[in-house]
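Residue numbers (UniProt numbering): 1 to 279.
C-beta atoms are modelled at their ideal positions from N, C-alpha and C, and glycine is treated no differently.
This is the structure in structure tokens:
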């Protein structure tokens, strides 16, 4: 029977290959072509899964011939850790998001989804980079859309500023309208236009009002009597991400941190799917 690590590697390789349009390129070509994007994406997934920094990760993979074989590589043809770091920045964000979307497809989604936001700490950037980019923030504002029945992460939004939850909420939800049935969110997403837009798409909003008055108070009570309590699943997912994959982002650039968060979310989906269904 295959180990969990081997099954994870097979799944992340499959999703990484799907993220690249057309037939997957060979894993490695000597010369300037080097490594295919799907190989770099799969190794990034293994980094989050195994929890190693790049240098140690590639050392460990050299001692795992079965995993290298799934990557269609050998111990001798595995990339140098610096190559993985550099190529990470070059792969378009669209491909990272495609892996996350595909990882959510591993689940049979329920009828209630939840959206929530929090700040994720980041490692301090170099003084030169911070000065050049006005890099003064201490946390990445991170918004997750999760399925309440399966706890699968459907989408993620990252921002270095502090946009209002309602604006981010609609941006995330509109990307996933086909996956939504009922959306639960806290009072930070209280915006009547957001409710109206969701209802226009036949989606039920469970979003209480901030200052309800007597009529609104009754409406809030009705919301909380329905599936609103499942909103806490989003908070549980945030807790699980931090506990399993670390509380701090280590990429030095903001776009690297976005990619790191997307991959952490996809890896969590894959790992839980493997545990639940024995992929």
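**Message:** Going residue by residue through the UniProt domain "Transposase IS4-like" (111-270), where are the continuous alpha helix (DSSP H) segments of at least 4 residues, counting only ones entirely within it?
**Reply:** Counting whole runs of 4 or more residues, the UniProt domain "Transposase IS4-like" (111-270) contains the alpha helix (DSSP H) stretches 127-133, 165-174, 192-200, 213-225, 232-245.
**Message:** Does the region 104-112 come into contact with the region 70-88, if we say contact requires no fewer than three beta-carbon pairs (one atom in each stretch) closer than 8 Å?
**Reply:** Of all C-beta pairs linking the region 104-112 to the region 70-88, fewer than three are shorter than 8 Å, placing the two stretches out of contact.
**Request:** State the DSSP-derived secondary structure class of residue 107, mapped to helix, strand or coil.
**Result:** Coil at residue 107, not helix or strand.
**Asked** Would residue 205 pass as a contact of residue 194 if the rule is Cβ separation under 9 Å?
**Response** Inclusion of residue 205 and residue 194 in the CB contact set at 9 Å is warranted, their separation being smaller than that value.
**Straight-line gap, residue 150 to residue 107 (C-alpha atoms, nearest Å)** = Their Cα atoms are separated by approximately 7 Å.
**Item:** Length of the line joining the Cα atoms of residue 84 and residue 234
**Value:** When rounded, the distance between both Cα atoms is 31 Å.
**Asked** residue 319: which of 8, 12, 270 sits nearest, CA to CA?
**Response** The structure shown does not extend to residue 319, since the chain is modelled only from 1 to 279, so the question has no answer here.
**Prompt:** Can you tell me whether residue 48 is buried or exposed, with buried defined as 16 or more other CB within 10 angstroms of its CB?
**Reply:** Of the residues assessed, residue 48 falls on the buried side of the cut-off, its CB having 16 or more other CB atoms within 10 angstroms.
**Request:** Give the straight-line distance between the Cα atoms of residue 163 and residue 248, rounded to the nearest whole angstrom.
**Result:** As the crow flies, the alpha-carbon of residue 163 is around 21 Å from that of residue 248.
**Message:** When you compare the CB positions of residue 290 and residue 27, do they come within less than 9 Å of one another, or not?
**Reply:** This structure cannot speak to residue 290, because the chain is shown only from 1 to 279.
**Reduced DSSP secondary structure (H/G/I, E/B, other) of residue 31** = Here residue 31 sits in coil by DSSP.
**Message:** Among the candidates 24, 65, 38, 87, whose CA atom is the shortest distance from the CA of residue 54?
**Reply:** Out of 24, 65, 38, 87, 87 has the C-alpha closest to the C-alpha of residue 54.
**Asked** If we count the other Cβ atoms within 10 Å of its Cβ and call it buried at 16 or more, is residue 79 buried or exposed?
**Response** The residue in question, residue 79, is buried, as its Cβ has 16 or more Cβ neighbours within 10 Å.
**Asked** Mapping DSSP to helix, strand and coil, what is residue 64?
**Response** Reduced to three states, the DSSP call for residue 64 is coil.
**Request:** For the alpha helix (DSSP H) containing residue 15, list its first residue and its last residue.
**Result:** Element bounds for residue 15: 4-19.
**Cβ neighbours of residue 25 in the same chain (closer than 6 Å, five flanking residues each side left out)** = Closer than 6 Å at Cβ, skipping near neighbours: 36.
**Message:** Do residue 140 and residue 261 have their beta-carbon atoms positioned less than 9 Å apart in this structure?
**Reply:** Yes, the pair counts as a contact, with Cβ atoms nearer than the cut-off.
**Message:** To the nearest angstrom, how far is the alpha carbon of residue 264 from that of residue 11?
**Reply:** Residue 264 and residue 11 have their C-alpha atoms some 15 Å from each other.
**Request:** Note down, in chain order, each residue of its chain lying with its Cβ closer than 6 Å to the Cβ of residue 100, except the 5 sequence neighbours on either side.
**Result:** For residue 100, same chain residues with a beta-carbon under 6 Å away, outside a window of 5 residues either side, are 262, 265, 266 in chain order.
**Item:** Alpha-carbon to alpha-carbon, residue 4 and residue 231
**Value:** Their backbone Cα atoms lie some 31 Å apart in a straight line.
**Item:** Helix, strand or coil at residue 287 [DSSP, three-state]
**Value:** This structure gives no information on residue 287, because the portion of the chain shown stretches from 1 to 279.
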